[in-house]
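Here the protein sequences line up with chains A and B, keeping their order.
Here our numbering is used: position 217 in the first sequence is 217, and no number is missing along the way.
Going from the second sequence to our numbering is simple: count from 1 and add 343.
What follows is one structure encoded as C-alpha cells, with my remarks underneath.
There are 2 protein chains.
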Amino acid sequence: MTEHRIKNMEEFAAVSGLSRPTVSKYFNDPASVRASTRQKIENALEKFEYQPNIYAMNQNRKLTKNVGIVVPHLADPFFAEIARTIEARCIEAGYRPTMFSSYGDPDQETEILNLLRSMKPAGVLLAPLGRLSDRSEIEKFCRDVPTVLFDSNLEGIGAAFVGSDNFSFVNQTVEYLTRTGEAPLFFEMKTPANPNANKRRQAYLDVMQRLGHEPHVVKIEGEGWAFEEIGKRGAMQFLTRGNWPTNAILCSNDRLAIGFLAAAYELGIRVGRTPDCVLRLASNDDHPFSRFTCPSLTTAAHDYDSVSSASVEKLLQLIESGGKYSSRSEQLFEARLVLRNSS
Amino acid sequence: MTEHRIKNMEEFAAVSGLSRPTVSKYFNDPASVRASTRQKIENALEKFEYQPNIYAMNQNRKLTKNVGIVVPHLADPFFAEIARTIEARCIEAGYRPTMFSSYGDPDQETEILNLLRSMKPAGVLLAPLGRLSDRSEIEKFCRDVPTVLFDSNLEGIGAAFVGSDNFSFVNQTVEYLTRTGEAPLFFEMKTPANPNANKRRQAYLDVMQRLGHEPHVVKIEGEGWAFEEIGKRGAMQFLTRGNWPTNAILCSNDRLAIGFLAAAYELGIRVGRTPDCVLRLASNDDHPFSRFTCPSLTTAAHDYDSVSSASVEKLLQLIESGGKYSSRSEQLFEARLVLRNSS
DNA sequence: ATTAGAAATTAACGCGCGAAAAGAAATTTC
DNA sequence: GAAATTTCTTTTCGCGCGTTAATTTCTAAT
Chain A
1 MTEHRIKNME
11 EFAAVSGLSR
21 PTVSKYFNDP
31 ASVRASTRQK
41 IENALEKFEY
51 QPNIYAMNQN
61 RKLTKNVGIV
71 VPHLADPFFA
81 EIARTIEARC
91 IEAGYRPTMF
101 SSYGDPDQET
111 EILNLLRSMK
121 PAGVLLAPLG
131 RLSDRSEIEK
141 FCRDVPTVLF
151 DSNLEGIGAA
161 FVGSDNFSFV
171 NQTVEYLTRT
181 GEAPLFFEMK
191 TPANPNANKR
201 RQAYLDVMQR
211 LGHEPHVVKI
221 EGEGWAFEEI
231 GKRGAMQFLT
241 RGNWPTNAIL
251 CSNDRLAIGF
261 LAAAYELGIR
271 VGRTPDCVLR
281 LASNDDHPFS
291 RFTCPSLTTA
301 AHDYDSVSSA
311 SVEKLLQLIE
321 SGGKYSSRSE
331 QLFEARLVLR
341 NSS
Chain B
344 MTEHRIKNME
354 EFAAVSGLSR
364 PTVSKYFNDP
374 ASVRASTRQK
384 IENALEKFEY
394 QPNIYAMNQN
404 RKLTKNVGIV
414 VPHLADPFFA
424 EIARTIEARC
434 IEAGYRPTMF
444 SSYGDPDQET
454 EILNLLRSMK
464 PAGVLLAPLG
474 RLSDRSEIEK
484 FCRDVPTVLF
494 DSNLEGIGAA
504 FVGSDNFSFV
514 NQTVEYLTRT
524 GEAPLFFEMK
534 TPANPNANKR
544 RQAYLDVMQR
554 LGHEPHVVKI
564 EGEGWAFEEI
574 GKRGAMQFLT
584 RGNWPTNAIL
594 CSNDRLAIGF
604 LAAAYELGIR
614 VGRTPDCVLR
624 LASNDDHPFS
634 RFTCPSLTTA
644 AHDYDSVSSA
654 SVEKLLQLIE
664 SGGKYSSRSE
674 QLFEARLVLR
684 NSS
C-alpha cells in the first residue's frame with residue numbers, strides 16, 4: 001500500500017502501467033483508447049484519485065472543452081432556469097460550462113466576452129442584453145469564438161440563433177383572449193431592452209389587424225430590469241386612470257404581469273375568468289412564478305427544453321465543424337398556451 | 344504603426360520597454376511596481392491590448408486569484424441575489440469569482456468541490472445544501488482550501504460562518520404578530536434540508552414559550568426545492584381542513600409563504616390585516632418576489648449587503664493570513680422586519 | 001557626491017501538459 | 001498464418017508563464 005499522492009500525469013501513467021501520451025489521450029477522449037486500456041486507467045483512477053491539472057491541460061490545447069454560457073440577468077428565474085438546463089446539456093456532452101451574467105450592464109457584458117476570449121472556449125452560448133448590447137463588441141467576439149445566440153436575436157451576429165417564435169406566442173394568447181371574450185390591449189414597457197418585446201408588439205399589431213380589431217398599446221415608463229416593479233407602477237396608473245378600451249390585457253412578459261396583478265390586487269380589482277372579475281389578463285414566457293400569482297397566470301410558455309437542447313446541439317455542431325458555417329441559421333420554437341386562472 | 348498582435352508576455356514586455364519578470368510582477372499585483380513603471384505598462388496596455396494567458400498564469404502559481412462561489416440553487420432568486428452581491432464584492436477586491444450551483448443535488452455539490460479543488464482557488468465562499476450535504480466531503484475540502492460558509496451553517500466546518508440570526512428573524516415576526524393580534528402557528532416543511540429551518544422552528548418554540556403562548560407547528564409533506572409548490576399543496580390541505588388554532592401564520596420562509604398565498608387566493612380565503620381578512624401571514628427572508636405577492640408579504644429581511652460584505656471580508660482576511668486561523672468564527676446579522684399587507 | 005535601499009534586468013529552470021513523429025506491439029482481417 | 005491496421009510507447013519539443021538568484025540600475029536620502 002504505497003500511499004503516494006500522484007502529482008502529475010507521468011506518475012499516474014506509471015501506476016496504471018501505461019505511457020503518459022496514452023493517458024493523455026484518454027483524458028482528452030476516453031473513447032479514443034482501447035477498452036482494455038480504458039479499464040486499466042479507470043481502475044487506477046479509483047485507487048489513486050488523480051485529476052489532470054486543468055491549467056496545464058488548457059494551456060497548450062488549441063481548443064479547450066470549455067463552454068461559456070452568458071445571460072443578461074441570472075437573478076431573473078427565467079434565465080436562471082434556462083441557464084441551468086443548458087448547463088446540464090453541456091455537461092452531458094462532455095464539456096465544462098461556465099456561467100456568466102452581465103446583470104443588465106452592457107459594460108459587464110463586454111468584460112465577460114473579453115474574459116471568455118482569454119479562456120479559449122470551444123464555444124459560447126450567448127443571450128445578449130439586446131438593445132443595450134455593444135453590437136460591435138459582440139460582433140468582434142463572434143468572429144473569434146464560435147458563438148450561438150439564444151433568447152435574444154441580434155440580426156446577423158453569431159453563427160446561429162435559437163429562440164422562441166414571438167409571433168406564435170402572441171398569436172395564441174390574442175387568439176384565445178379574443179375567442180373567449182374581448183380582444184386584448186397590449187401592455188408593455190415604453191423602451192424595452194429585449195428585442196423580443198418589439199417582435200411581440202409587432203405580432204400583436206399584426207394579429208389584431210388580421211382579426212379585424214382595433215389595437216391598443218399601453219406603454220409604461222421604466223428602465224432597468226426591475227420589471228415587476230415597473231409593471232406594478234405602470235398598472236397602478238393604468239388601473240386608476242380607468243376608461244379602459246377593453247377588459248382583456250396582454251402583457252408583453254410575465255414579469256410585467258406579476259407587477260400588474262399585484263397592482264390590481266391592491267386596488268381591489270378582480271382579475272380572472274370568473275363572472276365577478278372585471279379584467280382578464282394573459283402574458284408571455286411561463287415564468288417559474290407564474291403559476292403562483294394571484295390569480296395564476298395564463299401565459300404562452302417557452303419550450304425551455306427544446307430551446308436549450310437546440311442551442312447546445314447547434315453549438316456542438318459548430319464546434320465539430322471547426323467553427324466554420326456556411327450560413328447563419330435561425331431556429332424558432334412555437335409557444336405552448338398554458339391556461340390558468342387569470343383569463 | 345506596427346500592427347503586430349502581441350502573443351505573449353515576452354513580446355508585451357518588449358513593446359512596453361521592460362523585462363518580462365517586471366511585467367509579470369505588475370499583473371500579479373499592480374502596486375508592486377514603481378509608479379513610473381506602472382504607467383509604462385498601462386500605456387502599452389492601451390495601445391496593444393494584451394492579456395496574460397490565464398492558464399499559463401495559474402499553472403505555476405501557488406495561489407491563484409480565483410474565488411469560488413457555491414450556492415445550493417441559483418434558480419432561487421434569493422441565492423441568485425446574494426451570489427450576485429458577493430460576486431461584485433470579490434471583483435472589487437481584485438479576485439476572479441466563478442459561480443457554481445449544485446441545484447439541490449449533493450452529488451453535484453461534491454463534484455463542484457472537486458472541480459474547485461483542481462482550480463487551486465485562493466478561497467471559496469460556500470453556501471452548502473445543508474442536511475443533504477456530504478459532510479465529510481465538505482470537511483475534507485475545507486482542509487485543502489480556505490473556505491467561508493455562508494447562509495447555511497455546518498457546525499465546525501470551514502474557517503468561518505457568516506449568516507443571519509434566525510432567532511432574530513422569528514423573534515421579530517412572532518412578536519409583531521402577537522402584539523397586533525393572535526399568536527401565530529408555525530408553517531414549515533416536515534423535513535427541511537436547510538439548517539436555518541430547524542433553527543427557526545426552535546426559535547419559534549422558544550419565543551412562544553417566553554410569551555406564554557401555546558405553540559402550534561404545522562409540518563407539511565414535500566421534498567426538493569420546489570418550495571412554492573410544496574407550500575401551496577400543504578396550504579391547500581391545511582386551509583380546507585379548517586379548525587385552525589389561530590388566525591396568524593408564520594411561514595418558515597417566503598417561498599412557502601408564496602405558495603400559501605396562492606392556495607388561499609384560490610380558495611377565496613382573504614389574507615391580510617384588513618377587517619375582511621380571516622388570516623394573517625408573515626414569513627422570513629424578504630425574497631425578491633415577496634413585495635409582489637397578493638397581498639404583499641410581511642417578512643423578516645436578511646441584511647443581504649452585510650452578509651455578503653462580511654463573507655467576502657472574512658474570506659479575504661483568511662486568504663491574507665495564508666489560510667490559517669486560530670479559531671472558527673461565526674458572525675450573525677439581525678433581521679429587519681418589513682411590514683407589508685399580509686399581516 | 002556618496003551611499004544604502006529599492007526596483008528592474010538577466011539568465012535560467014521548471015511546471016504539467018499537448019502534440020507530433022517514428023517505431024514497436026497488439027489486434028483484426030482474409 | 002501473414003499482412004494490414006489499429007493502438008500504444010518512446011522520444012522530444014514547446015507552450016506561456018512563475019519563480020528564483022545574482023547583477024545592475026535607479027532613487028532618495030545623508
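Ideal placement from N, C-alpha and C gives every residue a C-beta, glycine not left out.
Name the DSSP beta bridge partners of residue i, please?
i               : result
L659 of chain B : Looking at the DSSP assignment, L659 of chain B forms no beta bridge with any residue, so it has no partner.
E498 of chain B : Per DSSP, none; premise fails for E498 of chain B.
G466 of chain B : B:V410
L337 of chain A : A:A300
K575 of chain B : Bridge partners of K575 of chain B: none, in fact.
E673 of chain B : B:F504
Compute the Euclidean distance between the alpha carbons of residue i and residue j, then round it to the nearest angstrom.
i               : j               : result
P128 of chain A : I612 of chain B : 43 Å
L417 of chain B : Y446 of chain B : 7 Å
M1 of chain A   : R553 of chain B : Here M1 of chain A scores only 44 on pLDDT, less than 50, and its place in the model should not be relied on; the value that follows carries that caveat. Rounded to whole angstroms, M1 of chain A to R553 of chain B spans 59 Å at the Cα level.
E673 of chain B : G506 of chain B : 8 Å
E385 of chain B : L132 of chain A : 28 Å
V145 of chain A : E139 of chain A : 10 Å
C90 of chain A  : I82 of chain A  : 12 Å
V681 of chain B : T641 of chain B : 6 Å
L256 of chain A : V148 of chain A : 28 Å
R328 of chain A : G156 of chain A : 7 Å
N247 of chain A : S595 of chain B : 38 Å
E354 of chain B : A536 of chain B : 54 Å
N403 of chain B : G473 of chain B : 35 Å
N313 of chain B : P373 of chain B : No answer is possible for residue 313 of chain B: it lies beyond the span of chain B, which begins at 344 and ends at 686.
P631 of chain B : E223 of chain A : 18 Å
R381 of chain B : A203 of chain A : 55 Å
D508 of chain B : T516 of chain B : 13 Å
V376 of chain B : A399 of chain B : 21 Å
S461 of chain B : K232 of chain A : 46 Å
L361 of chain B : N153 of chain A : 45 Å
K383 of chain B : P395 of chain B : 17 Å
V278 of chain A : V207 of chain A : 24 Å
F333 of chain A : V67 of chain A  : 23 Å
F493 of chain B : P364 of chain B : 38 Å
Y519 of chain B : A578 of chain B : 22 Å
N58 of chain A  : A569 of chain B : 38 Å
S136 of chain A : P106 of chain A : 12 Å
K542 of chain B : F510 of chain B : 7 Å
Taking Cβ to Cβ, would you say residue i is nearer than 7 Å to residue j?
i               : j               : result
P169 of chain A : A335 of chain A : Checking the sequence, you will find Phe at residue 169 of chain A rather than Pro. Against a cut-off of 7 Å, the Cβ pair of A335 of chain A and F169 of chain A comes out as a contact.
S626 of chain B : D648 of chain B : no
I69 of chain A  : I54 of chain A  : no
F187 of chain A : V218 of chain A : yes
I112 of chain A : Y50 of chain A  : no
P184 of chain A : I249 of chain A : yes
P295 of chain A : S342 of chain A : yes
P588 of chain B : H556 of chain B : no
A606 of chain B : V614 of chain B : no
L316 of chain A : A93 of chain A  : yes
F292 of chain A : I601 of chain B : yes
A122 of chain A : L63 of chain A  : yes
P420 of chain B : P77 of chain A  : yes
A35 of chain A  : V15 of chain A  : no
A197 of chain A : A423 of chain B : no
K408 of chain B : Y369 of chain B : no
Inside the region 157-207 of chain A only - beta strand (DSSP E) runs reaching at least 3 residues: 160-164, 185-189
Whole runs of the beta strand (DSSP E) within the region 591-657 of chain B, excluding any shorter than 3 residues: 591-594, 623-628, 641-644
Contiguous beta strand (DSSP E) assignments of at least 3 residues, all confined to the region 53-104 of chain A: 66-71, 96-101
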